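First the structure, in the form of structure tokens, and then the observations on it.
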């Protein structure tokens with residue numbers, strides 16, 4: 045099985061923050077983190093994503109976008125990407141990561 049999940053999107057401000065928060069709620073005993081392929085480093089979550097989260101009783105308080113690194117790819121059991129094109133991008137960082145993507 046897996047003990048850790050890395051959630052990856054492009055900017056790390058729209059799709060990965062809500063996915064990460066939901067996974068943390070559903071799997072509180074797992075290590076969950078997120079990053080972006082071309083992250084808007086230091087940026088908070090997108091305002092549309094924030095509004096949707098607030099309407100659903102959640103928030104992205106404390107979220108700051110961070111860049112995906114090869115070290116991150118190697119340290120997680122599963123890498124959850126948002127689009128098929130992200131698989132190739134992640135594999136450019138770490139070719140062996142293909143076995144950990146969903």
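Numbering (the working numbering), first residue to last: 45 to 146. Built from N, CA and C at the ideal position, the CB exists for glycine as well. A quick note: this is a predicted structure, and the numbers were derived from the prediction, not measured.
Contact under 8 angstroms by Cβ, residue i with residue j
| i | j | result |
| --- | --- | --- |
| residue 109 | residue 103 | no |
| residue 78 | residue 60 | yes |
| residue 50 | residue 126 | no |
| residue 114 | residue 74 | no |
| residue 123 | residue 89 | no |
Beta-carbon proximity list for residue i, same chain, < 7 angstroms, skipping 5 on both sides
| i | result |
| --- | --- |
| residue 55 | 80, 82, 83, 84 and 109 |
| residue 68 | 76 |
| residue 94 | 104 |
| residue 86 | 108 and 109 |
Beta-carbon proximity list for residue i, same chain, < 6 angstroms, skipping 5 on both sides
| i | result |
| --- | --- |
| residue 119 | none |
Residue burial classification, residue i (beta-carbon count within 10 angstroms, cutoff 16)
| i | result |
| --- | --- |
| residue 107 | buried |
Cut-off 8 angstroms between Cβ atoms - residues of its own chain near residue i, not counting five sequence neighbours on either side
| i | result |
| --- | --- |
| residue 52 | 60, 78, 79, 80, 81, 112, 123, 124, 125, 126, 130 and 134 |
### Query
For the segment 55-139, which segments carrying the beta strand (DSSP E) assignment without a break, of at least 3 residues, lie completely within its bounds, in sequence order?
75-80 and 122-125
#### Entry: Segment contact flag, the segment 56-66 with the segment 130-144, C-beta cutoff 8 angstroms, min 3 pairs
no
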